[in-house]
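Novice: The structure follows.
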Amino acid sequence: MCGGQQRGMALIFALLVLLALILAGVALVRSVNTGALVAGNLAFKQDATVTADRAAQQAISVLYARLAADADSLDADLPDIGYYASTDGHLDPTGYARADDASSRRLIQWDSDYCSGYSSYASCAYTPSASTVSINGNEAGWIVFRLCDASGSYGSGEATCAAASSAASTGDCQGAINYENQGTGCAGTASSPYYRILVRTKGPRNTVSYTETIVHF
1 MCGGQQRGMA
11 LIFALLVLLA
21 LILAGVALVR
31 SVNTGALVAG
41 NLAFKQDATV
51 TADRAAQQAI
61 SVLYARLAAD
71 ADSLDADLPD
81 IGYYASTDGH
91 LDPTGYARAD
101 DASSRRLIQW
111 DSDYCSGYSS
121 YASCAYTPSA
131 STVSINGNEA
141 GWIVFRLCDA
151 SGSYGSGEAT
161 CAAASSAAST
171 GDCQGAINYE
181 NQGTGCAGTA
191 SSPYYRILVR
201 TKGPRNTVSY
211 TETIVHF
(Lines of atoms letter the chains of each structure in order from A and count residues from 1; the text may use other names and numbers.)
(Lines give C-alpha, C1' and ligand atoms only; values in the text may rest on other atoms or scores of the structure.)
Protein backbone atom coordinates (compact mmCIF):
# COMPACT_ATOMS: atom_id res chain seq x y z
CA MET A 1 0.00 0.00 0.00
CA CYS A 2 2.77 2.36 0.95
CA GLY A 3 4.71 1.50 -2.22
CA GLY A 4 1.65 2.22 -4.36
CA GLN A 5 1.22 5.62 -2.73
CA GLN A 6 4.88 6.45 -3.38
CA ARG A 7 4.55 5.50 -7.05
CA GLY A 8 1.41 7.64 -7.28
CA MET A 9 3.17 10.64 -5.73
CA ALA A 10 6.14 10.14 -8.05
CA LEU A 11 3.80 10.12 -11.04
CA ILE A 12 2.16 13.36 -9.87
CA PHE A 13 5.56 15.02 -9.42
CA ALA A 14 6.65 13.79 -12.85
CA LEU A 15 3.50 15.27 -14.41
CA LEU A 16 4.09 18.57 -12.62
CA VAL A 17 7.69 18.68 -13.86
CA LEU A 18 6.51 17.86 -17.38
CA LEU A 19 3.90 20.65 -17.20
CA ALA A 20 6.55 23.10 -15.99
CA LEU A 21 8.84 22.12 -18.89
CA ILE A 22 5.99 22.58 -21.38
CA LEU A 23 5.18 26.04 -19.99
CA ALA A 24 8.86 27.00 -20.07
CA GLY A 25 9.06 25.82 -23.68
CA VAL A 26 6.02 27.88 -24.65
CA ALA A 27 7.49 30.95 -22.93
CA LEU A 28 10.80 30.41 -24.74
CA VAL A 29 9.07 30.11 -28.12
CA ARG A 30 7.09 33.29 -27.46
CA SER A 31 10.28 35.07 -26.42
CA VAL A 32 12.05 33.94 -29.60
CA ASN A 33 9.08 34.99 -31.73
CA THR A 34 8.97 38.40 -30.04
CA GLY A 35 12.71 38.83 -30.55
CA ALA A 36 12.41 37.89 -34.20
CA LEU A 37 9.51 40.31 -34.62
CA VAL A 38 11.49 43.16 -33.05
CA ALA A 39 14.52 42.35 -35.19
CA GLY A 40 12.31 42.21 -38.27
CA ASN A 41 10.75 45.57 -37.46
CA LEU A 42 14.16 47.17 -36.95
CA ALA A 43 15.42 45.68 -40.21
CA PHE A 44 12.37 46.99 -42.06
CA LYS A 45 12.78 50.47 -40.56
CA GLN A 46 16.43 50.55 -41.59
CA ASP A 47 15.73 49.36 -45.12
CA ALA A 48 12.70 51.63 -45.41
CA THR A 49 14.74 54.65 -44.30
CA VAL A 50 17.48 53.91 -46.83
CA THR A 51 14.97 53.30 -49.61
CA ALA A 52 13.01 56.47 -48.78
CA ASP A 53 16.22 58.50 -48.74
CA ARG A 54 17.17 57.21 -52.20
CA ALA A 55 13.69 58.06 -53.47
CA ALA A 56 13.89 61.59 -52.04
CA GLN A 57 17.30 62.05 -53.66
CA GLN A 58 15.83 60.90 -56.95
CA ALA A 59 13.02 63.45 -56.64
CA ILE A 60 15.50 66.23 -55.80
CA SER A 61 17.59 65.34 -58.86
CA VAL A 62 14.51 65.52 -61.10
CA LEU A 63 13.48 68.91 -59.69
CA TYR A 64 17.00 70.31 -59.96
CA ALA A 65 17.39 69.15 -63.55
CA ARG A 66 14.08 70.77 -64.50
CA LEU A 67 14.98 74.09 -62.87
CA ALA A 68 18.47 74.06 -64.38
CA ALA A 69 17.00 73.62 -67.86
CA ASP A 70 14.18 76.16 -67.42
CA ALA A 71 13.61 78.29 -64.31
CA ASP A 72 9.86 78.39 -65.02
CA SER A 73 9.46 74.67 -65.68
CA LEU A 74 7.94 73.97 -62.25
CA ASP A 75 5.30 76.70 -62.36
CA ALA A 76 2.64 74.26 -63.64
CA ASP A 77 1.53 70.77 -62.68
CA LEU A 78 3.50 67.90 -64.21
CA PRO A 79 1.49 64.83 -63.17
CA ASP A 80 3.50 62.59 -65.50
CA ILE A 81 6.51 62.98 -63.20
CA GLY A 82 4.52 63.20 -59.96
CA TYR A 83 4.85 66.98 -59.54
CA TYR A 84 2.19 69.52 -58.52
CA ALA A 85 2.78 73.28 -58.48
CA SER A 86 0.53 74.03 -55.50
CA THR A 87 -0.25 72.48 -52.15
CA ASP A 88 -3.66 71.11 -51.19
CA GLY A 89 -5.10 71.71 -47.74
CA HIS A 90 -7.28 68.61 -48.03
CA LEU A 91 -4.46 66.29 -49.06
CA ASP A 92 -4.43 62.99 -47.14
CA PRO A 93 -1.16 61.30 -48.15
CA THR A 94 -1.49 58.32 -45.79
CA GLY A 95 -5.23 57.69 -46.06
CA TYR A 96 -5.72 58.11 -42.31
CA ALA A 97 -7.40 61.51 -42.08
CA ARG A 98 -9.76 62.34 -39.23
CA ALA A 99 -13.30 61.05 -39.60
CA ASP A 100 -14.71 64.56 -40.06
CA ASP A 101 -12.36 65.12 -43.03
CA ALA A 102 -12.99 61.78 -44.71
CA SER A 103 -15.50 63.02 -47.27
CA SER A 104 -13.45 66.08 -48.29
CA ARG A 105 -9.98 64.53 -48.36
CA ARG A 106 -7.99 64.07 -51.54
CA LEU A 107 -5.97 60.87 -51.80
CA ILE A 108 -2.81 59.95 -53.65
CA GLN A 109 -3.09 56.99 -56.01
CA TRP A 110 0.00 55.26 -54.61
CA ASP A 111 -1.00 51.92 -56.18
CA SER A 112 -3.21 51.09 -59.14
CA ASP A 113 -6.02 50.00 -56.79
CA TYR A 114 -5.03 52.07 -53.74
CA CYS A 115 -8.17 54.19 -53.48
CA SER A 116 -10.53 51.23 -53.83
CA GLY A 117 -9.85 50.44 -50.17
CA TYR A 118 -11.47 53.69 -49.00
CA SER A 119 -15.20 54.30 -48.83
CA SER A 120 -15.19 58.10 -48.70
CA TYR A 121 -13.00 60.75 -50.32
CA ALA A 122 -13.41 63.77 -52.59
CA SER A 123 -10.91 62.68 -55.23
CA CYS A 124 -8.05 60.29 -55.94
CA ALA A 125 -6.41 62.16 -58.81
CA TYR A 126 -2.90 62.80 -57.49
CA THR A 127 -0.42 60.37 -59.03
CA PRO A 128 3.16 59.75 -57.87
CA SER A 129 6.14 59.50 -60.17
CA ALA A 130 6.27 56.36 -62.27
CA SER A 131 9.93 56.07 -61.30
CA THR A 132 10.42 54.04 -58.11
CA VAL A 133 13.34 52.88 -55.96
CA SER A 134 13.70 49.24 -54.83
CA ILE A 135 16.10 48.01 -52.14
CA ASN A 136 15.94 44.59 -50.42
CA GLY A 137 12.32 44.05 -51.35
CA ASN A 138 11.27 47.57 -50.31
CA GLU A 139 9.77 49.74 -53.04
CA ALA A 140 9.44 53.51 -52.65
CA GLY A 141 7.39 55.91 -54.76
CA TRP A 142 7.42 59.70 -54.47
CA ILE A 143 5.31 62.76 -55.22
CA VAL A 144 6.18 66.46 -54.94
CA PHE A 145 4.06 69.49 -54.03
CA ARG A 146 5.32 73.05 -54.34
CA LEU A 147 4.31 74.94 -51.19
CA CYS A 148 2.29 77.58 -53.03
CA ASP A 149 -1.37 78.54 -52.96
CA ALA A 150 -1.70 78.23 -56.75
CA SER A 151 0.20 77.30 -59.87
CA GLY A 152 1.98 80.05 -61.79
CA SER A 153 5.14 82.09 -61.41
CA TYR A 154 6.32 82.84 -57.90
CA GLY A 155 8.68 85.57 -59.05
CA SER A 156 5.96 87.55 -60.84
CA GLY A 157 3.48 87.20 -57.99
CA GLU A 158 1.06 84.81 -59.70
CA ALA A 159 1.53 82.37 -56.83
CA THR A 160 2.07 83.00 -53.13
CA CYS A 161 4.62 80.55 -51.79
CA ALA A 162 6.57 79.60 -48.71
CA ALA A 163 10.10 80.49 -49.71
CA ALA A 164 13.66 80.52 -48.49
CA SER A 165 15.60 83.77 -48.44
CA SER A 166 19.21 84.82 -48.53
CA ALA A 167 19.09 85.33 -44.75
CA ALA A 168 18.20 81.69 -44.10
CA SER A 169 21.86 80.67 -43.99
CA THR A 170 22.69 83.27 -41.34
CA GLY A 171 20.23 81.93 -38.76
CA ASP A 172 18.14 85.15 -38.78
CA CYS A 173 15.14 83.52 -40.45
CA GLN A 174 12.23 82.67 -38.16
CA GLY A 175 8.58 81.82 -38.59
CA ALA A 176 6.33 79.10 -39.94
CA ILE A 177 7.03 77.46 -43.28
CA ASN A 178 3.83 78.13 -45.19
CA TYR A 179 2.84 80.11 -48.25
CA GLU A 180 1.03 82.76 -46.18
CA ASN A 181 4.19 84.39 -44.82
CA GLN A 182 5.73 84.53 -48.32
CA GLY A 183 9.16 84.35 -46.79
CA THR A 184 8.61 87.67 -44.97
CA GLY A 185 9.69 86.09 -41.70
CA CYS A 186 13.23 86.54 -43.01
CA ALA A 187 15.18 89.61 -43.95
CA GLY A 188 16.61 89.41 -47.42
CA THR A 189 15.54 88.56 -50.93
CA ALA A 190 13.44 85.45 -51.45
CA SER A 191 15.16 82.89 -53.64
CA SER A 192 13.15 79.72 -54.13
CA PRO A 193 9.81 78.24 -53.07
CA TYR A 194 9.86 75.23 -50.81
CA TYR A 195 9.02 71.83 -52.27
CA ARG A 196 7.42 69.05 -50.23
CA ILE A 197 8.57 65.55 -51.18
CA LEU A 198 6.37 62.72 -49.92
CA VAL A 199 7.74 59.18 -50.11
CA ARG A 200 5.79 55.99 -49.50
CA THR A 201 7.82 52.83 -48.89
CA LYS A 202 6.16 49.42 -49.08
CA GLY A 203 7.97 46.42 -47.64
CA PRO A 204 7.98 42.77 -48.71
CA ARG A 205 5.37 41.90 -46.04
CA ASN A 206 3.02 44.74 -47.01
CA THR A 207 4.45 46.97 -44.28
CA VAL A 208 4.23 50.66 -45.22
CA SER A 209 6.06 53.79 -44.07
CA TYR A 210 5.82 57.44 -45.09
CA THR A 211 8.51 60.13 -45.01
CA GLU A 212 8.44 63.82 -45.82
CA THR A 213 11.29 66.05 -46.98
CA ILE A 214 11.15 69.83 -47.46
CA VAL A 215 13.71 71.31 -49.88
CA HIS A 216 14.45 74.54 -51.74
CA PHE A 217 16.97 75.47 -54.41
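The opening position of the sequence shown corresponds to residue 1 in the working numbering, with each subsequent residue numbered one higher.
Quick reminder that beta carbons are idealized off the backbone N, C-alpha and C, glycines included.
These figures come from a predicted structure and were not determined experimentally.
1) Counting along the chain, where does the beta strand (DSSP E) carrying SER209 start and finish?
2) Would you say ASP75 and SER131 are within 8 Å of each other, going by their C-beta atoms?
3) Residue ranges of each beta strand (DSSP E) run of no fewer than 3 residues wholly in the segment 82-150, ordered along the chain?
4) Hey, ARG150 and SER73: beta-carbon distance below 8 Å or not?
5) Starting from the C-beta of SER103, find all residues in its chain whose C-beta is less than 8 Å away, skip the five residues before and the five after it, and write them out in chain order.
6) Taking C-alpha atoms, which residue in TYR83, TYR84 and ARG106 lies nearest to ASP92?
7) At which residues does the beta strand (DSSP E) containing THR201 begin and terminate?
8) Please say whether VAL215 and ALA140 have beta carbons closer to each other than 8 Å?
9) To the nearest angstrom, report how far apart GLY203 and CYS124 are at their CA atoms.
Specialist: The answer reads as follows:
1) Against the sequence shown, residue 209 aligns to sequence position 209. Counting along the chain, the beta strand (DSSP E) containing SER209 begins and ends at 208-215.
2) Within the sequence shown, the letter at position 75 stands for residue 75. Within the sequence shown, the letter at position 131 stands for residue 131. The answer is no: Cβ separation not under 8 Å.
3) 106-108, 123-126, 133-135 and 138-146
4) Numbered from its first residue, the sequence shown carries residue 150 at position 150. Numbered from its first residue, the sequence shown carries residue 73 at position 73. As written in the sequence, residue 150 is Ala, which differs from the Arg given in the question. Cβ atoms of ALA150 and SER73: not closer than 8 Å.
5) To locate residue 103, count along the sequence shown from 1; it is residue 103. Cβ within range, chain order: SER120, TYR121 and ALA122.
6) Taking the sequence shown and counting its residues from 1, one reaches residue 92 at position 92. Selected option, being the one with the closest Cα: ARG106.
7) For the purposes of this step, residue 201 is taken as residue 201 along the sequence shown, with counting starting at 1. Taken as a continuous stretch (DSSP letters only), the beta strand (DSSP E) holding THR201 covers 195-202.
8) Locating residue 140 in the sequence shown gives position 140, where the first residue counts as 1. Locating residue 215 in the sequence shown gives position 215, where the first residue counts as 1. No. Outside cutoff.
9) Counting from 1 along the sequence shown, the entry for residue 203 is found at position 203. Counting from 1 along the sequence shown, the entry for residue 124 is found at position 124. Spanning the two alpha carbons is a distance of roughly 23 Å.
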